[in-house]
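In terms of this note's numbering, the sequence shown is residues 214 to 588. The structure appears below as structure tokens.
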Amino acid sequence: MKKGTFFLLCLEGAILSFSVAASSALVPSIAKDFSVSEFFAARIIWLYFLPYGIAALLYGPLVRTFNAKKIELICLFSFSLSNLAAGLSRSINLLFIFRFFMGLFGASVIPLGLILISRHVEEKMRGRSVGFFFGFTFIGSLAGLFLSGIITWRYIYLIPGLSGLLLWVALYFYLPDFKEEAAALRFNYLSCFKNKTFFSIFTYIFLISFFYHGIQQWLGVYFSKSYQLNQFLISSLIILTGLSGILGEFFGGVLADKFGRVKTVNLGISLMIISAFALIFKLPLWVLGAIMFIWGLGWTFNHAGVSTLLTSLPEGCLNEAASLNSSLRFVSGGIGAHLSGLLMQRSFNLGFTALGAGLLVLLITGGLNGYQLKR
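Encoded structure:
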């Protein structure tokens with residue numbers, strides 16, 4: 214794959230991610246603007262996650278039959294318009310609708326990126342490429358988080374909307390067709406799940422995403438209610454998870470290539486467990502910042518290791534794996550954010566304890582320790 218082409222795909226990932234992490238930090242501001250409760254405004258999170266997760270199942274198989282470039286152009290254009298409409302929304306219900314469409318069309322980016330890396334990058338370099346690709350998504354997240362603390366929430370959707378339209382022009386002229394021999398449209402999910410390795414990996418992905426987003430998506434509300442922090446400080450703390458996330462994706466990919474993918478995965482979840490239980494305690498602001506840094510580092514070590522594992526799955530399941538990866542992460546994340554909200558409304562300590570215990574059980578029970586492709 215040419216460097217220019219790969220760079221355009223990385224930019225697309227950054228634009229996709231610009232508002233994802235920032236949205237959880239903006240919930241208090243959006244709630245205030247529309248005069249609704251924070252728990253009601255937080256629906257913008259799962260109303261993005263669930264359609265994203267469902268739509269992602271389609272894009273991998275579609276690439277077998279239709280030109281990947283055309284799919285990306287249609288989806289990026291629609292995603293950009295949805296962002297613009299969300300930023301201009303005059304009611305909370307309109308914002309909910311356009312967040313739904315943002316998830317629906319944004320789901321194409323990650324599956325295509327993983328498919329192209331697996332097919333056009335040699336095995337020993339895939340961890341670095343995966344880390345670089347997802348590192349750009351965290352750069353986008355970090356930029357959105359930083360700006361969320363100093364500009365109105367509407368611009369957090371207007372900026373990726375306008376940037377997406379500009380990138381659409383570049384992709385139209387410079388993105389290759391990636392044409393392959395057309396095949397009949399088919400979905401191999403059932404046959405792939407008969408493979409024990411495939412089943413094990415995606416069970417793990419579902420659970421780790423459930424626990425992660427069950428905590429991550431409520432951090433903004435937690436900092437607001439438990440520490441009475443203003444929007445700037447809330448965004449600053451969540452920025453630390455994005456900053457460490459950039460490092461975690463880049464270095465996690467290198468660790469996955471050098472020391473083994475499963476070891477990198479387990480190192481990541483261990484750091485997440487430490488962070489989750491630390492949030493139970495009332496901490497000084499500087500310690501809370503350190504915990505957020507460790508939390509983001511743990512998640513991205515885990516994410517880079519698991520994503521690199523996917524590129525080594527059998528060719529017949531590669532497209533399904535790329536789509537299912539995004540699908541499960543967002544469906545599970547949406548479910549996790551929604552259900553954990555029931556716990557968080559009762560007690561944040563109860564929520565962090567339950568989700569931290571879930572991460573600990575996932576580590577102890579072995580997770581991916583039996584996975585064969587450890588190179």
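Virtual Cβ for every residue (Gly too), placed ideally from N, Cα, C.
- A Cβ-Cβ separation of about 4 Å places Thr-521 in contact with Gly-340 under the 8 Å criterion.
- Counting along the chain, the unbroken alpha helix (DSSP H) around Trp-512 starts and ends at 498-523.
- Relative to the Cα of Val-240, the nearest Cα in the group Ala-255, Phe-351, Phe-318, Lys-216 belongs to Ala-255.
- DSSP, reduced to helix, strand and coil, places Pro-527 outside both helices and strands of the structure shown, so it counts as coil.
- A residue is called buried once 16 or more other Cβ atoms fall within 10 Å of its Cβ, and Leu-307, having fewer, is exposed.
- A Cβ-Cβ distance of about 6 Å is found for the pair Thr-350 and Ala-227, placing them in contact under the 8 Å criterion.
- When rounded, the separation of the alpha-carbon atoms in Lys-216 and Ala-281 is 18 Å.
- Looking only at Gln-441, Thr-477, Leu-510, the smallest Cα-Cα distance to Gln-429 is reached by Leu-510.
- Of the candidates Met-485, Lys-476, Lys-409, Phe-359, the residue whose Cα lies closest to the Cα of His-426 is Met-485.
- The beta carbon of Ile-459 lies closer than 7 Å to those of Gly-348, Phe-351, Ile-352, Leu-355 in the same chain, with the five residues before and after it left out.
- Contact between Gly-564 and Phe-262 does not hold, since their C-beta atoms are separated by about 18 Å, which reaches or exceeds 8 Å.
- Pairwise C-beta distances place the stretch 368-378 out of contact with the stretch 548-564, as fewer than three of them are shorter than 8 Å.
- By the Cβ criterion, the stretch 534-541 is not in contact with the stretch 464-471, since fewer than three pairs of Cβ atoms, one from each stretch, lie closer than 8 Å.
- The beta carbon of Ile-504 sits closer than 6 Å to the beta carbons of Ser-488, Ala-491 from its chain, once the five residues preceding and following it are set aside; these are given in chain order.
- In this structure, the beta-carbon distance from Ala-238 to Ile-507 does not fall below 8 Å.
- Between Ser-331 and Thr-578 a beta carbon distance of about 28 Å is seen, past the 8 Å cut, so the two are scored as non-contacting.
- The C-beta distance from Gly-455 to Gly-518 rounds to 19 Å, too long to fall under 8 Å, and the pair is not in contact.
- Classified as exposed, Val-500 has fewer than 16 neighbouring CB atoms from the shown chains inside 10 Å of its CB.
- Cβ atoms of Ser-291 and Phe-318 come within 8 Å of each other, at about 4 Å.
- One Cα belongs to Ser-236, the other to Arg-399, and the distance between them is close to 35 Å.
- Listed in chain order, the alpha helix (DSSP H) elements of length 4 or more contained wholly in the stretch 276-363 are 281-300, 305-319, 322-333, 339-361.
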